[in-house]
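Numbering-wise (my numbering), the sequence shown opens with residue 411 and increments by one.
Don't be surprised by glycine CBs; every beta carbon is placed ideally from N, CA and C.
Predicted, not measured: the structure shown is a model, and the values here were computed from it.
Just below is one structure, and these are the notes that go with it.
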Amino acid sequence: MKTSFLNSIKNSVKHWYIPLIVGLLFIILSFMVFTSPLSSLLALSVFFAISFLLGGLSEVIFSISNKDTLPNWGWSLVFGMLTSIVGLSLMIHPALSLSVLSFYIGFLLLFRSISSISFALDIKKYGSKNWGSLLIFGILGAIASLFLIWNPLFTGIGITILIAVSFLFAGLFSIFLAFQLRKIHVSTKDISAQLRERYNDLMQEIDNEWKG
Numbered sequence: 411m412k413t414s415f416l417n418s419i420k421n422s423v424k425h426w427y428i429p430l431i432v433g434l435l436f437i438i439l440s441f442m443v444f445t446s447p448l449s450s451l452l453a454l455s456v457f458f459a460i461s462f463l464l465g466g467l468s469e470v471i472f473s474i475s476n477k478d479t480l481p482n483w484g485w486s487l488v489f490g491m492l493t494s495i496v497g498l499s500l501m502i503h504p505a506l507s508l509s510v511l512s513f514y515i516g517f518l519l520l521f522r523s524i525s526s527i528s529f530a531l532d533i534k535k536y537g538s539k540n541w542g543s544l545l546i547f548g549i550l551g552a553i554a555s556l557f558l559i560w561n562p563l564f565t566g567i568g569i570t571i572l573i574a575v576s577f578l579f580a581g582l583f584s585i586f587l588a589f590q591l592r593k594i595h596v597s598t599k600d601i602s603a604q605l606r607e608r609y610n611d612l613m614q615e616i617d618n619e620w621k622g
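Structure, rendered in structure tokens:
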């Protein structure tokens with residue numbers, strides 16, 4: 411509770427809606443993969459590329475904006491950079507084989523799932539009661555992405571389903587995370603400037619005492 415209060419009084423989460431946008435993007439990708447026949451899946455690689463590039467840049471903006479608020483913001487930054495790199499790679503090489511495409515997506519979503527678990531623990535520090543659901547989404551996403559990376563075990567429609575499920579878990583997590591961040595944003599933005607100033611002065615006094 412102490413950590414939750416100190417974090418909350420110091421900063422308010424910025425751009426909470428960015429994970430919501432990224433989550434909706436992943437849900438759309440999941441739906442497209444579910445409804446697309448295997449023969450047209452590779453044709454979606456260009457759409458994957460654009461989506462990854464835009465989503466990655468959004469994640470970078472979100473992480474940098476909240477580097478003083480979220481302890482593990484670096485996970486989001488690295489994920490955003492990796493997503494952008496994968497997006498650029500898919501734009502340069504759109505005619506990748508299905509196995510290579512699934513490996514790209516699997517590796518990317520595995521890292522996303524790991525960062526999701528980290529974010530769940532961050533949300534727990536803020537006193538959120540729903541951090542366990544975020545943790546479960548992260549674990550399920552990690553399992554699905556590992557199956558994608560080990561794609562030689564699967565062929566044809568199996569890979570297609572795994573890609574769709576991986577996108578689905580990543581999207582659900584991002585949307586759920588966005589609403590948890592919004593709750594934190596709403597609850598902390600109402601803290602008065604005077605109280606924030608008193609907090610900063612107190613922290614400065616404590617720092618001076620330690621140095622003295």
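Just curious, the alpha helix (DSSP H) that residue i is in, first and last residue?
| i | result |
| --- | --- |
| THR445 | 427 to 445 |
| LEU480 | Premise fails: LEU480 is in no alpha helix (DSSP H) and is neither H nor E. |
| TRP541 | 541 to 559 |
To the nearest angstrom, how far is the alpha carbon of residue i from that of residue j?
| i | j | result |
| --- | --- | --- |
| PHE462 | GLY581 | 13 Å |
| LYS534 | GLN590 | 10 Å |
| LEU434 | PHE458 | 14 Å |
| TRP426 | ASN476 | 9 Å |
| PHE521 | TRP560 | 15 Å |
| HIS503 | VAL456 | 9 Å |
| LEU430 | LEU587 | 8 Å |
| SER500 | GLY542 | This sequence places Leu at residue 500; Ser is not what is there. So the alpha carbons of these two residues sit roughly 34 Å apart. |
| PHE436 | PHE579 | 9 Å |
| ILE524 | LEU498 | 22 Å |
| SER512 | ASP478 | 35 Å |
| SER468 | ILE571 | 26 Å |
| GLY568 | VAL470 | 32 Å |
| VAL496 | LEU556 | 17 Å |
| VAL432 | LEU558 | 21 Å |
| VAL510 | LEU464 | 21 Å |
| ILE438 | ILE460 | 13 Å |
Residue i: which of the options sits nearest, CA to CA?
| i | options | result |
| --- | --- | --- |
| ILE553 | PRO481, GLY542, ARG592 and SER576 | SER576 |
| LEU544 | LYS477, SER499, ASN476 and SER584 | SER584 |
| LYS539 | LYS593, TYR427 and SER473 | LYS593 |
| SER440 | LEU591, ILE573 and PHE586 | ILE573 |
| GLY466 | SER455, VAL456, ASN476 and LEU487 | LEU487 |
| ILE428 | SER455, PHE472 and LEU464 | PHE472 |
| ILE474 | LEU556, THR570, LYS424 and PHE586 | LYS424 |
Using a Cβ-based criterion (distance less than 7 Å to any ligand heavy atom), does residue i qualify as near the ligand SAM?
| i | result |
| --- | --- |
| ALA552 | The model on display carries no ligand, and the ligand SAM is accordingly not part of it. |
Are the segment 518 to 529 and the segment 545 to 560 in contact at 8 Å, needing three or more beta carbon pairs? Contact holds: three or more Cβ-Cβ distances are below 8 Å.
Assess contact between the segment 478 to 494 and the segment 511 to 527, defined as three or more Cβ pairs (one per stretch) separated by less than 8 Å. Is contact present? yes
Check whether the segment 471 to 486 and the segment 435 to 446 touch, using three or more Cβ-Cβ pairs below 8 Å as the test. no
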